[in-house]
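Undergrad:
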Amino acid sequence: MTDQQTIMAGAIAATGEEVAQMDRSAVEARVLAEITEDVRDVIGEEYAFDMDITMDTSFGDDLELESIEFVALADRLRERYGAAVDFVGFLATRDVDQVINMRIGEVVEFVVDSQSTPVTTGSI
Amino acid sequence: MSEIVANNVRLHVQRIGPRGAAGTGVPTVVMLHGMVMDNMSSFYLSLGTYLSDAGCDVICYDLRGHGRSERTPEGYQLADSLADLTGLLDTLGVDHPVHLVGNSYGATMALAYGLEHGERVASLTLIEPPFLLEGLGEEMARSLGQILAAMSDDEVEQWLQQAAGRVAGRATRSARRLLQETTIATDMLATPPFSTEALGRLAMPVLAVYGENSDIIGQAETLTSVVPDTTLVVLSHHTHMVLREATPYLRTLMRWWLLDDRATTARPDYVPLAARRFETPQWVTDMVPPPDLNTPRTAAAAESSGR
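Residue numbers (numbering that gives the first Met the number 0), protein chains in the order written: chain A, 0 to 123; chain B, 0 to 306.
(1) With DSSP collapsed to three states, give me the class of R9/B.
(2) Let me check understanding here. Comparing Cα to Cα, which of L125/B, E2/B and A106/B lies closest to R75/A?
(3) Counting only C-beta atoms, is I15/B closer than 7 Å to chain A at any point?
(4) Is the closest heavy atom of the ligand MG to the C-beta of V208/B under 6 Å?
(5) Would the beta-carbon of V226/B fall within 7 Å of that of L198/B?
(6) Indicate the three-state DSSP secondary structure (helix, strand or coil) for S122/A in the structure shown.
(7) Can you give the Cα-Cα distance for F58/A and N38/B, rounded to whole angstroms?
(8) Hey, could you find the ends of the alpha helix (DSSP H) L76/A is sitting in?
(9) Hey, could you find the ends of the beta strand (DSSP E) S122/B is sitting in?
(10) What residue range is occupied by the uninterrupted alpha helix (DSSP H) comprising Y104/B?
(11) DSSP three-state call for M30/B: helix, strand or coil?
(12) Using a Cβ-Cβ cutoff of less than 6 Å, which residues in the same chain neighbour I58/B once the five nearest sequence positions on both sides are dropped?
(13) Does the Cβ-Cβ distance between E73/B and T182/B come in under 7 Å?
(14) Taking Cβ positions only, does A91/A come closer than 7 Å to chain B?
(15) Hey, how far is the Cα of L222/B from the Cα of I103/A?
(16) Do L177/B and G54/B have their CB atoms nearer than 7 Å?
(17) Does DSSP put D56/B in a helix, a strand or coil?
(18) Let me check one thing: in DSSP terms, what residues is E180/B bridge-paired to?
(19) Using a Cβ-Cβ distance under 7 Å, would V118/A count as near chain B?
(20) Under 8 Å by Cβ, that's how I've got V8/B and D83/B pegged, so tell me the actual separation to the nearest angstrom.
(21) Let's test the definition: count the other Cβ atoms within 10 Å of the Cβ of S194/B and tell me whether it reaches 16, buried, or not, exposed.
(22) Could you list which residues in chain B have their beta carbon closer than 8 Å to that of A47/A, in chain order?
(23) Run through chain A and tell me which residues come within less than 7 Å of Y43/B, C-beta to C-beta.
(24) Taking G164/B as the query, report the chain A residues whose CB atoms sit under 8 Å from its CB, ordered along the chain.
(25) Per DSSP, E33/A forms a beta bridge with which residues?
(26) Can you confirm whether S113/A, when its beta carbon is compared against all beta carbons of chain B, has any partner nearer than 7 Å?
(27) Just to confirm the assignment, what range does the alpha helix (DSSP H) spanning L222/B have?
(28) In this structure, does DSSP put Y46/A in helix, strand or coil?
(29) Using a Cβ distance threshold of 8 Å, determine whether the stretch 228-241 of chain B contacts the stretch 204-211 of chain B, with at least three qualifying pairs required.
(30) Any contact of the stretch 41-50 of chain B with the stretch 140-154 of chain B, i.e. 3+ C-beta pairs under 8 Å?
(31) Taking just the CA atoms, how far does A19/A sit from I123/A?
(32) How is the beta strand (DSSP E) around V233/B delimited, first residue to last?
(33) With C-beta atoms as the reference, is A202/B less than 7 Å away from G117/B?
(34) Give the interface partners of I67/A over in chain B, defined as CB-CB distance under 8 Å, in chain order.
(35) Got a sec: which bits of the stretch 94-105 of chain A sit with their beta carbon under 8 Å from any beta carbon on chain B, in order along the chain?
(36) Just how far apart, CA to CA, sit R175/B and L90/A?
Structure representation (structure tokens):
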């Protein structure tokens, strides 16, 4: 095997292991962007548009979301993701304080897990 | 946002259907929240999503003037609340009897709805209902006056400006607008007394839940002595805020009430959590705000301005 072939083989082997992880990161980033859009829409105040919203942002401490705003957010997310994402079941296991103290990342991960389909990793 | 117009008022409604397909035998549950410092979220996040997940068709809505529903300048008499609910059921096409679950004023409203429209009600769950045979309107108006007084002084204004934080600030401002810009307080005064005779003929089963340490626990006995088919549950160590304080037990209790065969299944036992005791402050019972009511807020404001 030439050096060139070794490098190529290494690159291909890496995609086989990592493609699922890379896909998940990309999907998480997309879902985070979607949820961020709905959060800003629900809050509707200027500060929300300046804030850097990440996976670690909490609804209560960071965004200071009122519980009625969380209800409006859940409504939008149910509409956006449809029956594939069981938000009602997700919320049914948490009480009011647990919901308000959640990080956005927990919702993102739940959406991604609900939507995930078996990953096809190509031929190797 | 899910909005409908019912009885000429724009109402924010969240209907969360049962897990799985809807069919006959699925209970439809309508939740009625408390007055002024409340909205549908207290039910949606405690019992609403849970009961929907357990197999109920759940309807939560913000009462007129509350949450994300329209704040009309007037129309806050009990009769208006009942007409709003009839309009809501009609608009949603709900023509079978529903299970009403009310908290505080919402529970009083549920009981009144059961009396007026018994044919549309399958059962009543009354969580901490203010229930007086005499002077109910005066009592509710007095309670609102007390809230308004506690919200209207200069210190509160200072707190709102400097230290309240977004959530407490928005809730306080919203409640103050409702009390100052609408007829709700005077409309409450016009609440008619319950008729003992009519209550004695109430046909549907009633589940009444009170906190043992609630300021209105004394009213539970009158209720059970007058309403025939009443199951009374008194939760030790709990107050008027029992919906929030005892959510896990109320979820189990409501599941039993709505979905189990009550003839053959025993009511779930309530085991008080030793570590959590809830007491109603004396000033709430006396209905006289203490002079030091603002102390925590003043301290918070001082801390905030000192930063």
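Cβ coordinates follow ideal geometry from the N, Cα and C atoms, glycine included.
TA: To lay it out plainly:
(1) Taking the second sequence and counting its residues from 1, the one referred to as residue 9/B is at position 10. The DSSP-derived three-state label of R9/B is strand.
(2) Looking up residue 75/A in the first sequence gives position 76. If we check each option's Cα against that of R75/A, E2/B comes out closest.
(3) Indexing the second sequence from 1 puts residue 15/B at position 16. So, interface residue.
(4) Within the structure as shown, the ligand MG is missing, as the structure has no ligands at all.
(5) If you number the second sequence from 1, residue 226/B lands on position 227. If you number the second sequence from 1, residue 198/B lands on position 199. Yes, these two residues count as a Cβ contact at 7 Å.
(6) For this step, residue 122/A is matched to residue 123 along the first sequence. No answer about S122/A holds up, because its pLDDT of 45 lies below 50 and its placement is not dependable.
(7) Translated into positions along the first sequence, residue 58/A becomes position 59. Translated into positions along the second sequence, residue 38/B becomes position 39. Taking C-alpha positions only, F58/A is separated from N38/B by approximately 18 Å.
(8) For the purposes of this step, residue 76/A is taken as residue 77 along the first sequence, with counting starting at 1. Its alpha helix (DSSP H) spans residues S66 to Y80.
(9) By one-based count along the second sequence, residue 122/B stands at place 123. Boundaries of the beta strand (DSSP E) harbouring S122/B: V120 to I126, taken from the DSSP string.
(10) As a working note, residue 104/B is residue 105 in the second sequence. Y104/B -> alpha helix (DSSP H) spans Y104 to E115.
(11) Along the second sequence, one-based indexing puts residue 30/B at 31. Three-state result, M30/B: strand.
(12) Locating residue 58/B in the second sequence gives position 59, where the first residue counts as 1. Closer than 6 Å at Cβ, skipping near neighbours: R14 and V29.
(13) Along the second sequence, read from residue 1 onward, the residue named residue 73/B stands at position 74. Along the second sequence, read from residue 1 onward, the residue named residue 182/B stands at position 183. In contact: E73/B and T182/B (Cβ atoms closer than 7 Å).
(14) Stepping through the first sequence from its first residue, residue 91/A is reached at position 92. For A91/A, the nearest beta carbon of chain B is closer than 7 Å to its own beta carbon.
(15) If you number the second sequence from 1, residue 222/B lands on position 223. If you number the first sequence from 1, residue 103/A lands on position 104. Distance between the alpha carbons of L222/B and I103/A is about 45 Å.
(16) To locate residue 177/B, count along the second sequence from 1; it is residue 178. To locate residue 54/B, count along the second sequence from 1; it is residue 55. The answer is no: Cβ separation not under 7 Å.
(17) Residue numbering aside, residue 56/B sits at position 57 when the second sequence is read from its first letter. Of the three classes helix, strand and coil, the one that applies to D56/B here is strand, per DSSP.
(18) Locating residue 180/B in the second sequence gives position 181, counting from the first residue. By DSSP's assignment, E180/B forms no beta bridge with any residue.
(19) Translated into the one-based positions of the first sequence, residue 118/A becomes position 119. Confidence at V118/A is low in this model, with a pLDDT of 48, below 50, so the placement of that residue should be treated as unreliable; the coordinate-derived value is given next. It does not; no Cβ of chain B falls within 7 Å.
(20) Here residue 8/B refers to the residue found at position 9 of the second sequence. Here residue 83/B refers to the residue found at position 84 of the second sequence. Contact holds; Cβ gap of about 6 Å.
(21) Position 195 of the second sequence holds residue 194/B. Per the 10 Å Cβ criterion, exposed.
(22) Start at 1 with the first residue of the first sequence, and residue 47/A comes out as number 48. Residues of chain B passing the Cβ test: none, with the nearest at roughly 10 Å.
(23) Along the second sequence, one-based indexing puts residue 43/B at 44. Simply V70.
(24) Within the second sequence, the letter at position 165 stands for residue 164/B. What G164/B touches in chain A: E63.
(25) The residue given as residue 33/A occupies position 34 in the first sequence. Partner(s): none; E33/A has no beta bridge.
(26) Taking the first sequence and counting its residues from 1, one reaches residue 113/A at position 114. Chain B, which has no Cβ nearer than 7 Å to the Cβ of S113/A, makes this no.
(27) The sequence position of residue 222/B within the second sequence is 223, counting from 1. Counted as a single uninterrupted DSSP element, the alpha helix (DSSP H) harbouring L222/B occupies residues Q218 to V225.
(28) The residue you call residue 46/A lines up with position 47 of the first sequence. Of the three classes helix, strand and coil, the one that applies to Y46/A here is helix, per DSSP.
(29) yes
(30) no
(31) As a first step, residue 123/A is located in the first sequence; it is residue number 124 there, counting from the start. As a first step, residue 19/A is located in the first sequence; it is residue number 20 there, counting from the start. Below a pLDDT of 50, predicted positions are generally treated as unreliable, and I123/A, at 44, falls in that range; the measurement from the model is reported next regardless. Rounded to the nearest angstrom, the two C-alpha atoms are 14 Å apart.
(32) Looking up residue 233/B in the second sequence gives position 234. T229 to L234 is the span of the beta strand (DSSP E), which, as asked, contains V233/B.
(33) Against the second sequence, residue 202/B aligns to sequence position 203. Against the second sequence, residue 117/B aligns to sequence position 118. It is a contact, given that the beta carbons lie within the stated cut-off.
(34) By one-based count along the first sequence, residue 67/A stands at place 68. In chain order: N38, M39, S40, D61, G66 and R67.
(35) Of all residues in the stretch 94-105 of chain A, D94, V95 and V98 have a Cβ within less than 8 Å of some Cβ in chain B.
(36) The residue given as residue 175/B occupies position 176 in the second sequence. The residue given as residue 90/A occupies position 91 in the first sequence. If I take the Cα positions, the gap works out to 30 Å.
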